[in-house]
Amino acid sequence: MVRHVVFWNYDEKISNNERIGSSKKIKSDLEALGSVVDGVVSIEVSIDALDSSNVDIMLDSLFESKEALINYQNHPEHKKVGEFVKVLMCSRKCFDSVE
Numbered sequence: 013m014v015r016h017v018v019f020w021n022y023d024e025k026i027s028n029n030e031r032i033g034s035s036k037k038i039k040s041d042l043e044a045l046g047s048v049v050d051g052v053v054s055i056e057v058s059i060d061a062l063d064s065s066n067v068d069i070m071l072d073s074l075f076e077s078k079e080a081l082i083n084y085q086n087h088p089e090h091k092k093v094g095e096f097v098k099v100l101m102c103s104r105k106c107f108d109s110v111e
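Written as structure tokens, this is what we have:
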């Protein structure tokens with residue numbers, strides 16, 4: 013199994029209202045990939061960060077293998093979500109590990 017965790021921060025130019033709507037869309041779109049991409053064990057997106065957090069959105073996902081993660085990253089539906097996310101975010105951090 014491979015765990016893939018990603019953290020994003022919104023660009024400062026994105027208003028609070030835009031953040032709320034965009035966060036819901038990102039959560040919905042990413043979590044939907046679990047039923048579209050082979051090899052996904054689970055995908056959870058957290059968008060309700062506490063004030064003690066220093067990131068806006070967290071993706072925590074689990075894949076059957078490294079190959080399944082690569083398949084997910086190259087899947088057209090994932091790329092579509094990624095293009096939407098890139099426009100809104102100023103930073104991205106990723107941590108992948110074998111479990």
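Residues in the sequence shown are numbered consecutively from 13, following the numbering used here.
A virtual CB, placed ideally from N, CA and C, is assigned to each residue, including glycine.
Source: prediction; values computed, not measured.
{"Asked": "So S58 and L100 are supposed to be a Cβ contact under 8 Å. How far apart are they, rounded?", "Found": "Going by Cβ atoms, the distance from S58 to L100 rounds to 16 Å, so no, they are not a contact pair."}
{"Asked": "Using a threshold of 8 Å, state whether the C-beta atoms of S77 and R15 are closer than that.", "Found": "no"}
{"Asked": "Start and end of the alpha helix (DSSP H) containing S77?", "Found": "Here S77 belongs to no alpha helix (DSSP H), and DSSP marks it neither H nor E."}
{"Asked": "Run through DSSP, which three-state label would K105 get?", "Found": "strand"}
{"Asked": "Quick one: give me the first and last residue of the beta strand (DSSP E) that I38 is part of.", "Found": "From DSSP, I38 is part of no beta strand (DSSP E) but of the alpha helix (DSSP H) over N28 to A44."}
{"Asked": "In this structure, does DSSP put V48 in helix, strand or coil?", "Found": "coil"}
{"Asked": "Distance, Cα to Cα, K91 vs N83?", "Found": "11 Å"}
{"Asked": "For N21, collect the residues of the same chain with a Cβ closer than 7 Å to its Cβ; drop the 5 residues on either side in sequence, then sort them by chain order.", "Found": "V67, D68, M101, C102 and S103"}
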